[in-house]
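Under numbering that gives the first Met the number 0, residues 0 to 121 are what the sequence shown spells out, in order.
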Amino acid sequence: MSKILVVDDDTDILSVMEILLTMKGFEVEVTTKGENTFPKIETFKPDLILLDVLISGHDGRNICRKLKSDNETKHIPIIMFSAHPGAAATIAEYGADDFIAKPFDVTNLLQKVKHQLGLSKN
0 MSKILVVDDD
10 TDILSVMEIL
20 LTMKGFEVEV
30 TTKGENTFPK
40 IETFKPDLIL
50 LDVLISGHDG
60 RNICRKLKSD
70 NETKHIPIIM
80 FSAHPGAAAT
90 IAEYGADDFI
100 AKPFDVTNLL
110 QKVKHQLGLS
120 KN
């Protein structure tokens, strides 16, 4: 069972993602605080991270860059998401593997998650 960490300060989005991903057979951990990302990765050891671009007090792009520059975490796929229309253009330079616009389409979200986890049928 693949493990997914979701980082977003919007508790409604966290709840929806947690329920949806759990129903699809994933083990899910969530956090509303950017500073909890690294301790959660240490203990939960996710196979994928869904990371909001703007998390109260933190820039998810900087968290992504730090994760992608660390040998212990650079292999973990990161899908960033944001309601800001210009965010998609900037995430690649921070090392993110993919992007989803909010509000997100559930089918698209699941396709991207499965693709990053190598579970998609090609």
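Think of the CB as a built atom: it goes at the ideal place given N, C-alpha and C, for glycine as much as any other residue. All of these numbers come straight from a predicted model, not from anything done at the bench.
- Message: Restricting to runs no shorter than 3 residues, where is the beta strand (DSSP E) found entirely within the stretch 4–59?
- Response: 26–30 and 47–51
- Query: Just how far apart, CA to CA, sit Gly-56 and Met-79?
  - Reply: Cα to Cα, Gly-56 sits roughly 17 Å from Met-79.
- Query: Do the stretch 46–53 and the stretch 71–88 meet, that is, are 3 or more Cβ pairs less than 8 Å apart?
  - Reply: yes
- Query: What is the DSSP secondary structure of Ala-100, reduced to helix, strand or coil?
  - Reply: In the three-state scheme derived from DSSP, where H, G and I count as helix and E and B as strand, Ala-100 is classed as strand.
- Query: Given 8 Å as the limit, is there contact between the stretch 85–93 and the stretch 55–71, that is, 3 or more CB pairs closer than that?
  - Reply: yes
- Task: With a threshold of 16 other CB atoms inside 10 Å of the CB of Gly-33, please say whether the residue is buried or exposed.
- Result: buried
- Query: Hey, how far is the Cα of Asn-121 from the Cα of Asp-104?
  - Reply: Any reading at Asn-121 is ruled out, since the residue's pLDDT is 47, under 50, leaving its predicted position unreliable.
- Start and end of the beta strand (DSSP E) containing Ser-166? In the structure as shown, the chain starts at 0 and stops at 121, and residue 166 therefore has no counterpart that could be examined.
- Rank Leu-4, Thr-10, Leu-116 and Lys-101 by C-alpha distance to the C-alpha of Thr-42 and give the top, closest one. Leu-4
- Kindly indicate which residue of Ile-77, Lys-2 and Asp-7 has the alpha-carbon position closest to the one of Lys-124. The displayed coordinates of the chain run from 0 to 121. Any statement about residue 124 would go beyond what the structure contains.
- Task: Verify the CB distance criterion: does Ile-99 have a CB-CB separation below 8 Å to chain B?
- Result: Annotation note: the requested chain B is absent from the structure, which comprises a single protein chain.
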